[in-house]
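Chemist: Last residue of the sequence shown: number 280 in this note's numbering, and the count goes up by one each step with no gaps.
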Amino acid sequence: MLPYDSAVRQIESGSAERVVTEADCAAREAALAQIATELRRANQDLEQFAYIAAHDLQEPLRLMTSFMELFARRYGDVVDSTGQQYLHYALSGSRQMKALINDLLEYSRVCNDLSSIATVAMADVAHEVETTLQAALVDCGGELRIEPLPTVVGRRRQLKQLVYNLIRNALNYRAAERAPRIRLSATPAGGDWQFAVEDNGRGIAPEYHERVFMIFQRLTRDRAQPGTGMGLAICKKIVDTHAGRIWIESSAAGGTSVLFTLPQPEPTVGRLR
């Protein structure tokens, strides 16, 4: 065989291999795109199911709670101490379930929120939250320091819920031996703003930094401690829908910093989904 013929055969063989490889890549990309589409559809179905289930559970739960409260008022003096304890557990459980359902509905609303996106002055949002939590701050001797905050792009109601949840968490999980000190600040980070909610509370061990953003995850089983395990999950969903990210910097020694990013007004408006 002439060297020329051998070279031609090698070129033809190499071209065929490239064609097969490119075809395989195209097939893999198509399969991945289909899987991603199916996952998005399944996620939307689950979010819709969660909303419908939580919404439909409200009425029977309200009925049960109302009759238990009526029974407690009318027959509370008749039953013995054991019966009163059972009734207390039933009422406590129903109220906890109501809180869970309300938080699940709030989570679903974030997932299905199609309200318009606009510029949001985070300083105004923070001061509104401060007013809402003023009584809680006074009760525990807490202090909230709000640094100068920027304008971002997003959905105002969701961003207010985000700030409220983070500050409320700092108050709920404060250290028993000192009054809570909370600081809300922001610094530029590339095309985003990086916000920080810092406190002097109990702190969170590093192994729980990702777990706390999962639905219904609580760091304590103490029923006397307020919360449903949904607050930070809602925060993460809000930040995710605003094309940002959220994370924790903390230690078991005390103090927690929850950081999250939000887009600046320009040029990232189109990144929101």
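Cβ atoms here follow ideal geometry from the backbone N, Cα and C, with glycine treated the same way.
All values derive from a computational prediction rather than experimental measurement.
Can you tell me whether PHE202 is buried or exposed? The criterion is at least 16 other CB atoms within 10 Å of its CB, across all chains shown.
Modeler: Position 195 of the sequence shown holds residue 202. Buried.
Chemist: Let's test the definition: count the other Cβ atoms within 10 Å of the Cβ of GLN271 and tell me whether it reaches 16, buried, or not, exposed.
Modeler: Walking along the sequence shown from the start, residue 271 turns up at place 264. Under this definition GLN271 is a buried residue.
Chemist: Going by C-alpha distance, which of PRO195, LEU39, ILE211 is nearest PHE267?
Modeler: Residue numbering aside, residue 267 sits at position 260 when the sequence shown is read from its first letter. It is PRO195 whose Cα lies nearest to the Cα of PHE267.
Chemist: Quick check: what's the CA-CA separation for SER264 versus GLU205?
Modeler: Counted from its first residue, the sequence shown places residue 264 at position 257. Counted from its first residue, the sequence shown places residue 205 at position 198. C-alpha separation (whole angstroms): 4 Å.
Chemist: Does the stretch 95 to 111 come into contact with the stretch 124 to 141, if we say contact requires no fewer than three beta-carbon pairs (one atom in each stretch) closer than 8 Å?
Modeler: Result no; under three Cβ-Cβ pairs closer than 8 Å.
Chemist: Just grab the DSSP bridge partners of SER264 for me.
Modeler: By 1-based counting over the sequence shown, the position of residue 264 is 257. Bridge partners of SER264: GLU205, GLU256.
Chemist: Could you spell out where the alpha helix (DSSP H) holding SER101 opens and where it closes?
Modeler: Taking the sequence shown and counting its residues from 1, the one referred to as residue 101 is at position 94. That run of the alpha helix (DSSP H) goes 88 to 118.
Chemist: For the stretch 245 to 258 and the stretch 159 to 171, state whether three or more C-beta atom pairs, one from each stretch, are separated by less than 8 Å.
Modeler: Yes: the two stretches touch, three or more of their Cβ pairs being nearer than 8 Å.
Chemist: At which residues does the alpha helix (DSSP H) containing GLY238 begin and terminate?
Modeler: On the sequence shown, position 231 is the one that residue 238 refers to. Per DSSP, GLY238 belongs to the alpha helix (DSSP H) from 238 to 248.
Chemist: Taking just the CA atoms, how far does ALA38 sit from THR28?
Modeler: Counting from 1 along the sequence shown, the entry for residue 28 is found at position 21. Counting from 1 along the sequence shown, the entry for residue 38 is found at position 31. Going by the C-alpha atoms only, they are around 15 Å apart.
Chemist: Taking only the alpha-carbon atoms, compute the straight-line gap between ARG69 and TRP200 and give it to the nearest angstrom.
Modeler: If you number the sequence shown from 1, residue 69 lands on position 62. If you number the sequence shown from 1, residue 200 lands on position 193. The straight-line gap from Cα to Cα measures roughly 42 Å.
Chemist: Could you check where the alpha helix (DSSP H) with ARG175 kicks off and where it finishes?
Modeler: Within the sequence shown, the letter at position 168 stands for residue 175. That run of the alpha helix (DSSP H) goes 163 to 179.
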